[in-house]
Amino acid sequence: MIKELKHLSDIDEIQISDHRKLHSATHDEIIAGHTTDVYFLRTLDILEELNLSDSEVVAEIFPRKPGVMAGMAEALNLLKGRGLEIWALDEGESFEPKDTVLRIKGKYKDFAIYETTLLGMLASASGWATASREVKEACGDKFFLCFGARHVHPSVAPVMERAAVIGGAGGASCILAAKLSGIEPSGTVPHSAMLVAGDTLPVAETYDRIASKSHNRIVLVDTYKDEVEEALRIAEKLDGNLYGIRLDTPSERGGVTPGLVREMRAKLDLNGFNTVKIFVSGGLYPEKIKSLSEAGADAFGVGSYISAASPIDMTMDLKVVNGKSVAKRGRIPGLIENPKLKKRD
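Just so you know, the sequence shown maps onto residues 178 to 522 in this note's numbering.
This is the structure we're talking about:
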């Protein structure tokens with residue numbers, strides 16, 4: 178167990194092993210305060226010198242932009258067992274600028290080292306969840322899968338895709354993210370399988386043979402041949418077992434267009450494959466999703482629009498100190514009520 182940081186002098190005891198393989202923080206390092214901004218430790222030293230270290234405060238966190246709350250489960254777990262009273266928004270709940278999303282009451286010294294960490298948890302996860310909600314609104318009642326793990330550091334990939342599920346994604350391709358969300362990971366076969374095999378057909382046939390009966394077989398059809406030609410070839414060979422085809426045409430060839438989707442739908446139908454779904458991926462964003470959906474796309478895979486979403490800036494203010502309402506210049510002293518807050522155990 179790593180020692181929790183309480184004073185500036187504790188930093189001297191931190192040793193970085195020459196054998197450390199990854200630069201991301203471990204759970205123990207986060208809980209011990211190793212990811213906080215150093216000035217919070219300086220603050221604790223100053224307050225102790227002033228005999229104010231036992232001051233009781235009420236702190237509130239608020240966002241700068243509207244969005245969807247995510248990351249709160251981690252925040253509450255971080256604060257658990259520290260003798261604090263806490264009120265918080267549920268994950269998945271919407272918020273507006275300046276809404277109080279988390280309120281903490283207790284001795285300042287008992288949570289001061291977590292301000293940086295709490296703000297980061299809520300800012301990043303809420304940004305991802307909000308982008309996911311935007312995608313969900315564009316999809317309507319159609320399914321979309323988040324597979325943005327490749328665009329972020331692996332230490333936060335599960336956090337990102339879990340936030341996407343909170344925002345509305347129907348599935349996650351990142352294994353750990355899916356498990357943390359209480360669902361099974363989703364995904365089929367990437368282009369690399371076809372490139373190694375040299376042809377899509379043997380990959381599709383083998384995929385069909387070894388996959389469980391309950392698995393929905395979705396095959397990429399843009400690796401080597403014309404997408405429609407390949408789709409019809411695969412559908413014929415899989416003889417009713419093909420659930421869907423995936424279009425992921427690269428930007429070098431113009432990407433997936435509404436025209437391609439309409440052609441694919443029409444020719445699948447004309448050849449008796451009207452039950453085969455069209456799954457689309459590749460640089461999707463809400464406006465493009467809407468146009469592809471109108472053209473006949475049935476489901477979507479979204480990565481970078483969610484993973485690259487900007488964090489929603491969060492700010493923590495002390496609103497009450499030893500029973501007295503306080504505020505920095507420009508802010509209103511005292512608590513900012515939010516009926517969506519819930520008292521936590």
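Backbone N, C-alpha and C define an ideal beta-carbon position, used for all residues, glycine too.
Residue range of the unbroken beta strand (DSSP E) whose run includes GLU464: GLU464 -> not in any beta strand (DSSP E); alpha helix (DSSP H) instead, spanning 463 to 472.
Reference GLY436, options CYS351, SER201 and ALA472, closest by Cα: ALA472
For TRP305, the residue or residues it bridges with in DSSP: Answer by DSSP bridge pairing: none, since TRP305 is not bridged.
Cross-strand partners of MET493 (DSSP beta bridge): ILE238
Among LYS275, ARG394 and LYS282, the one whose alpha carbon lies nearest that of ILE489: LYS275
Residues near ALA412 in its chain [Cβ-Cβ closer than 8 Å; skip 5 each side]: LEU419, ILE422, LEU445, ASN448, PHE450 and VAL453
Boundaries (first-last residue) of the alpha helix (DSSP H) holding TYR216: 216 to 226
C-alpha distance - CYS323 paired with ALA289, whole-angstrom precision: 35 Å
6 Å Cβ shell around ALA236 - same chain, five flanking residues per side excluded: ILE281, MET493 and LEU495
Simplified DSSP state of LEU351, which is helix, strand or coil: The residue you asked about is not Leu; residue 351 is Cys in the sequence shown. In the structure shown, CYS351 sits in coil (DSSP, three-state: anything other than H, G, I, E or B).
Proximity below 8 Å, CB of THR377 to CB of VAL398: yes
Check whether LEU424 and VAL457 have beta carbons under 8 Å apart: yes
Residues that LYS390 bridges to, as DSSP identifies them: Looking at the DSSP assignment, LYS390 forms no beta bridge with any residue, so it has no partner.
Delimiting residues of the alpha helix (DSSP H) encompassing ALA334: 334 to 344
Secondary structure of LEU279, DSSP reduced to three states: strand
TYR420: first and last residue of the uninterrupted beta strand (DSSP E) it sits in: 419 to 424
Rounded Cβ spacing between LEU227 and LYS183 (contact assumed at less than 8 Å): Incorrect: roughly 16 Å between the Cβ atoms, too far for contact.
Start and end residues, alpha helix (DSSP H) containing ARG439: 435 to 447
Endpoints, alpha helix (DSSP H) assigned at SER481: 481 to 484
Of the listed residues LYS242, ILE191 and ASN254, nearest to SER271 (C-alpha basis): LYS242
ARG521: first and last residue of the uninterrupted alpha helix (DSSP H) it sits in: Not the alpha helix (DSSP H): ARG521 falls in the beta strand (DSSP E), residues 519 to 521.
Exposure label - THR383; buried when at least 16 CB within 10 Å: exposed
Cross-strand partners of LYS501 (DSSP beta bridge): VAL498
Buried or exposed by the 16-neighbour rule on C-beta atoms within 10 Å, applied to ILE223: exposed
Counted within 10 angstroms of its Cβ, other Cβ atoms place ILE395 as buried (16 or more) or exposed: buried
Inter-stretch contact at 8 Å, needing at least 3 Cβ pairs: the segment 496 to 515 / the segment 326 to 333: no
Between the CA atoms of VAL373 and SER309 - distance to the nearest angstrom: 33 Å
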